[in-house]
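All you need for the numbering used here is the position in the sequence shown, starting with 1, plus 90. Structure first, then comments.
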Amino acid sequence: MTACAIEGGTAGAATTADPGPEESGEPEEPVGAESAGAEGTAGAEGAAGAEGAAGAVPAGPAAPWAEAPRAPGTFTLTADGAYGARLTAAPGAPGEQRAWYPERWTLDGPEPYAVPLPLHQPEEPDAQVVPLADGRVLIRRRVADRQMFSLLYPTGPATGELTLGAVECDGMTLLPPSPDGSSVYGLSPGDHSSLLWLVAGGAFGPELVAEIPGHCSGGVWLDRAGRMLALDRQLPGGGPVKAVAVDLERNGEVTPLLQIAPESNDRLLLADADSGLLLIRSDAPGHDRLGWGVLGSCLPVRFPECLRPADVAVTPFAVQPGQMLMPESCAVALRIDGAAGSWVGIWRPQGRRLHQLAAPEGWSAGAGYWSRDGVLHLPYANAATPCAVARIEAPGDDGPLPETGGTGRTDGGTGGTEPSGAVTPPVVCKPVPLGQAPLHRTAPPD
Numbered sequence: 091m092t093a094c095a096i097e098g099g100t101a102g103a104a105t106t107a108d109p110g111p112e113e114s115g116e117p118e119e120p121v122g123a124e125s126a127g128a129e130g131t132a133g134a135e136g137a138a139g140a141e142g143a144a145g146a147v148p149a150g151p152a153a154p155w156a157e158a159p160r161a162p163g164t165f166t167l168t169a170d171g172a173y174g175a176r177l178t179a180a181p182g183a184p185g186e187q188r189a190w191y192p193e194r195w196t197l198d199g200p201e202p203y204a205v206p207l208p209l210h211q212p213e214e215p216d217a218q219v220v221p222l223a224d225g226r227v228l229i230r231r232r233v234a235d236r237q238m239f240s241l242l243y244p245t246g247p248a249t250g251e252l253t254l255g256a257v258e259c260d261g262m263t264l265l266p267p268s269p270d271g272s273s274v275y276g277l278s279p280g281d282h283s284s285l286l287w288l289v290a291g292g293a294f295g296p297e298l299v300a301e302i303p304g305h306c307s308g309g310v311w312l313d314r315a316g317r318m319l320a321l322d323r324q325l326p327g328g329g330p331v332k333a334v335a336v337d338l339e340r341n342g343e344v345t346p347l348l349q350i351a352p353e354s355n356d357r358l359l360l361a362d363a364d365s366g367l368l369l370i371r372s373d374a375p376g377h378d379r380l381g382w383g384v385l386g387s388c389l390p391v392r393f394p395e396c397l398r399p400a401d402v403a404v405t406p407f408a409v410q411p412g413q414m415l416m417p418e419s420c421a422v423a424l425r426i427d428g429a430a431g432s433w434v435g436i437w438r439p440q441g442r443r444l445h446q447l448a449a450p451e452g453w454s455a456g457a458g459y460w461s462r463d464g465v466l467h468l469p470y471a472n473a474a475t476p477c478a479v480a481r482i483e484a485p486g487d488d489g490p491l492p493e494t495g496g497t498g499r500t501d502g503g504t505g506g507t508e509p510s511g512a513v514t515p516p517v518v519c520k521p522v523p524l525g526q527a528p529l530h531r532t533a534p535p536d
């Protein structure tokens, strides 16, 4: 898996090859987000279970396990947004012990609804849950030095449980659900390598897929088949963090994916398989910046000024699908965290502006998905609405752009790009892997 020349420039970084000026980066004031939600009722659903093995598999030594954040728990969505799952608990008085249990949300029907999946004893708050495309929910529990895996599903008024097995390790992080809808992978750290496990979807319980030298984190799917997985890796001897591609059908073969500058930390945050749009975080410009590029393109990564508003943290969490060969038209949803809390940002590469919108009360910050026609769905729950989805249409980017200090295009248009340098004549470039990409392009002779 290769992508092509990807670099952007500001002070302290290599020269960019983008033609034209970059925007001023002045964000808009947050405004109220249009939402339409519906209360859900807990329904009874059945799910067929297959036999699973319960043998423990040794995974070697691991780093200490960090306790997961307490309420509200992380809300995880299937790749198609049909189901969601979270760990939740009934409301209680401050300081009162809470009984945690998994909850599955059904989001692909006319109205969203939640189904509680409690068992005979409450879950620990550091358990992880991941929904599958068939409506079952995978749960990872830590029991002493083992990670235990089960599939949960509603059976009338009760909860069914299918035990899958265990892995002997102190800590494991589940990756985002595979696009195939039936597989879930996990990463466990070792002394000098990271172990990639198939914990759901295998034939005989958890299976070791690959041992990758170095410390790995992240986890972004690069295709719709669930074959190519991007991880952020730091080699055993230290050094910068670089995104690599792992081919799951070639015994976990690892190839470089991002190499913006030799000593820069280049992490992949999101990827869209339809358009090839990549959302990247890198310190190649001299400090940590959010940028974008295109898988397979020879154009450099751009680091828009509008994606670094002052005094907030900006993190992308969803990309509009279905924009074949049109990465610059994809709407990107971003979580914005500041002193006032968390709210939503919407941005398109070709629009060159960040729209800021108020999130619905009780939004599971960072959770959401796009429809193909550009409607952002945000799951939320609060005292008045136990299960609902706010729908926000992506705002248009019509109107004048912010004033810039660079040189604009001579034809007066933006051409669907976000330039960040001076105008240069078009050049013919040959795609090269990112690991071999030059840091800049030189202008052709006069």
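Built from N, CA and C at the ideal position, the CB exists for glycine as well.
Just so you know, the alpha carbons of aspartate 463 and arginine 438 end up roughly 14 Å apart. Less than 7 Å separates the beta-carbon of glutamate 258 from that of arginine 236. Ranked by Cα distance from leucine 254, the first of Ala455, Ala293, Val402, Cys396 is Ala293. Assignment of serine 454 by DSSP, reduced to helix, strand and coil, places it in the coil class. Inter-segment contact for the stretch 442–450 and the stretch 162–172 is absent: fewer than three beta-carbon pairs are separated by less than 8 Å.
Ranking Leu207, Asp270, Pro212 by CA distance to the CA of leucine 252 puts Leu207 first.
Judged by their CB atoms, alanine 429 and phenylalanine 407 are not nearer to each other than the 7 Å cut-off.
A distance below 6 Å between beta-carbons, with the five flanking residues on each side excluded, links valine 434 to the following residues of its chain, in chain order: Leu447, Ala449. Secondary-structure assignment with DSSP links glycine 276 through a beta bridge to Leu264, Trp287. If you look at arginine 194, you'll find it in the beta strand (DSSP E) that goes 190–196. Only residues of its own chain outside the window of five on either side were considered, and among them Val274, Tyr275, Gly276, Leu277, Gly309, Leu319 have a CB closer than 8 Å to the CB of leucine 265, listed in chain order. Contact between threonine 168 and leucine 222 holds: CB atoms are separated by about 7 Å, below the 8 Å threshold.
Exclusion of the five residues before and after leucine 360 leaves Val310, Leu369, Pro406, Val409 as the residues of its chain whose Cβ lies within less than 7 Å of its Cβ. Apart from sequence neighbours up to five positions away, the residues of its chain that approach glycine 291 with a beta-carbon distance below 7 Å are Ser272, Ser273, Val274, ordered along the chain.
According to the DSSP assignment, alanine 248 belongs to the beta strand (DSSP E) that extends over 248–258.
Straight through space, the alpha carbons of glutamine 413 and alanine 484 are spaced by roughly 14 Å. Under DSSP, histidine 445 forms a beta bridge with Ile436. Leaving aside the five residues that flank tryptophan 460 on each side, the residues in its chain whose CB is nearer than 6 Å to its CB run, in chain order, Ala408, Gln410, Leu466. Where cysteine 306 is concerned, the enclosing beta strand (DSSP E) starts and stops at 305–311.
Taking all protein chains shown into account, aspartate 322 has 16 or more neighbouring C-beta atoms within 10 Å of its C-beta and is therefore buried. Judged by DSSP secondary structure, histidine 467 falls within the beta strand (DSSP E) whose first and last residues are 465–470. Beta bridge pairing from DSSP links proline 244 with Thr249.
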